[in-house]
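A.B. asks: One structure, as structure tokens, below. Some questions next.
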Ligand code: NAP
Ligand code: ZN
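Numbering (my numbering), first residue to last: 43 to 395.
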């Protein structure tokens, strides 16, 4: 074991602060990574503040962060895919049983024994739970390490590991392509990646936002139309017209006005994970045989596919780079929907701690 620098929170009401954590020495299948950038996902904030206590209670101290890019510093003797110096990435998972039907189907995120990058029981027993990417290094089994296309800006590539795959995967699953009308609710970290992918897949893209000030950006990011969702008169003309709507909203909100915008057999997929249950009016589904579903990140193979597509089309996240010392301020701004459109922590800033 060795000590790594990190930022952790000691309770749901404590700020994140500098600490040191135990990491395992790489075993034969492990890759040790020097972390260069880590994105700030709203899930980090939900977890730090224990907002998902009913589904996955937070174990403290928590070291969040699952949008990790870095450079390989060491590899175990059996590692075949990576060597020291390679640019790599780690997303939301660091382990799974790799034998269950979901793992065999390339859907490790639905493995009953999945280990998430932070706040999951640590099967290596280095610590009670896994510690995430707000740290200067991490050690991960090579199966859960991704390759970063060399042309991508590294800070902008970090959010692809969660915001990117979480929006890419459901759109692939729903067959989004030219001729489809796609709505994206919420222009935050996930939402702005959803816009970029929907546009790249050739769809007609409409952004629903509660922030009228984001309209110009939405069009620049690739939307064809922008609707201020609190304005019923702007919503109405879209009734019954969408093939697919992706809901990326982090806060509690009413999904019924959006269900009414779906066409026959249209689908609304939830990726946003507000803390409270949602209410659904039965007739909003019955009429038009509409459906609601959910989606969680994406499997390892699909995450690599997404990164390669991003490399080919030079797609990255729009990031505001911050030093780790500004992380608590960044959380407050995230709550005000005041980020364009993802914070990426420059992990070099951790060296001075
Ligand atoms: P984010 O950057 O904070 O963006 C969320 C956006 O939702 C905001 O920018 C805002 O957009 C809108 N919004 C926030 N509160 C709202 C409210 N009360 N009513 C209406 N709109 C509201 O967050 P994120 O990092 O993209 O994450 C979004 C959600 O996805 C979080 O709940 C996160 O935990 C979840 N998530 C899920 C997965 C998964 O695998 N399913 C993966 C990652 C994240 P406008 O200003 O445009 O209205
Ligand atoms: Zn995330």
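We treat Cβ as the ideally placed atom computed from N, Cα and C, and that holds for glycine.
With burial defined as no fewer than 16 other Cβ atoms inside 10 Å of the residue's Cβ, what is the status of residue 294: buried or exposed?
C.D. replies: The residue in question, residue 294, is exposed, as its Cβ has fewer than 16 Cβ neighbours within 10 Å.
A.B. asks: So within the stretch 218-264, which uninterrupted alpha helix (DSSP H) runs reach at least 4 residues, ignoring any that extend past its ends?
C.D. replies: Here the runs fully enclosed are 231-242 and 257-263.
A.B. asks: Is it buried or exposed, residue 254, if we count other Cβ atoms within 10 angstroms and call 16 or more buried?
C.D. replies: Exposed, by the Cβ-count rule.
A.B. asks: Compute every distance between the C-beta of residue 84 and the non-hydrogen atoms of the ligand ZN, then say whether any falls below 8 Å.
C.D. replies: Yes.
A.B. asks: Which full runs of the alpha helix (DSSP H) of 4+ residues lie inside the stretch 137-192, going along the chain?
C.D. replies: List check, alpha helix (DSSP H) in window: 143-146.
A.B. asks: Taking 9 Å as the cut-off, decide whether the C-beta atoms of residue 357 and residue 242 are in contact.
C.D. replies: The answer is yes: Cβ separation under 9 Å.
A.B. asks: Please give me, in chain order, every unbroken run of the alpha helix (DSSP H) with length at least 4 that falls completely inside the stretch 258-320.
C.D. replies: As far as the stretch 258-320 is concerned, its whole alpha helix (DSSP H) runs of at least 4 residues are 274-277 and 298-301.
A.B. asks: Flag residue 125 as yes when its Cβ comes closer than 8 Å to any non-hydrogen atom of the ligand NAP, and as no otherwise.
C.D. replies: Answer for residue 125: no, Cβ out of range of the ligand NAP.
A.B. asks: Quick check on residue 98: buried or exposed, where buried means 16 or more other Cβ atoms within 10 Å of its Cβ?
C.D. replies: It counts as exposed.
A.B. asks: Buried or exposed, going by whether 16 or more other CB atoms sit within 10 Å of the CB of residue 396?
C.D. replies: Residue 396 lies beyond the residue range present for the chain, which begins at 43 and ends at 395; the question has no answer from this structure.
A.B. asks: Distance, Cα to Cα, residue 185 vs residue 342?
C.D. replies: C-alpha separation (whole angstroms): 8 Å.
A.B. asks: Within 10 angstroms of the Cβ of residue 378, are there 16 or more other Cβ atoms? Answer buried if so, exposed if not.
C.D. replies: When all chains shown are included, residue 378 counts as exposed.
A.B. asks: Measure the alpha-carbon distance for residue 305 versus residue 272 and round it to whole angstroms.
C.D. replies: Each residue's alpha carbon lies about 21 Å from the other.
A.B. asks: Going by DSSP, what residue range makes up the beta strand (DSSP E) through residue 113?
C.D. replies: 110-117 is the extent of the beta strand (DSSP E) around residue 113.
A.B. asks: Distance, Cα to Cα, residue 167 vs residue 43?
C.D. replies: Taking the straight line joining both Cα atoms gives about 11 Å.
A.B. asks: Within 10 angstroms of the Cβ of residue 45, are there 16 or more other Cβ atoms? Answer buried if so, exposed if not.
C.D. replies: Exposed, because fewer than 16 other Cβ atoms sit within 10 Å of the Cβ of residue 45.
A.B. asks: Under the rule that 16 or more other beta-carbon atoms within 10 Å means buried, what is residue 320, buried or exposed?
C.D. replies: Its Cβ having fewer than 16 others within 10 Å, residue 320 is exposed.
A.B. asks: Would you say the beta carbon of residue 208 is closer than 8 Å to some non-hydrogen atom of the ligand ZN?
C.D. replies: Under cutoff, so the answer is yes.
A.B. asks: Rounded to whole angstroms, how far is the Cβ of residue 335 from the Cβ of residue 309, which I believe are closer than 8 Å?
C.D. replies: So it is a contact: roughly 6 Å between Cβ atoms.
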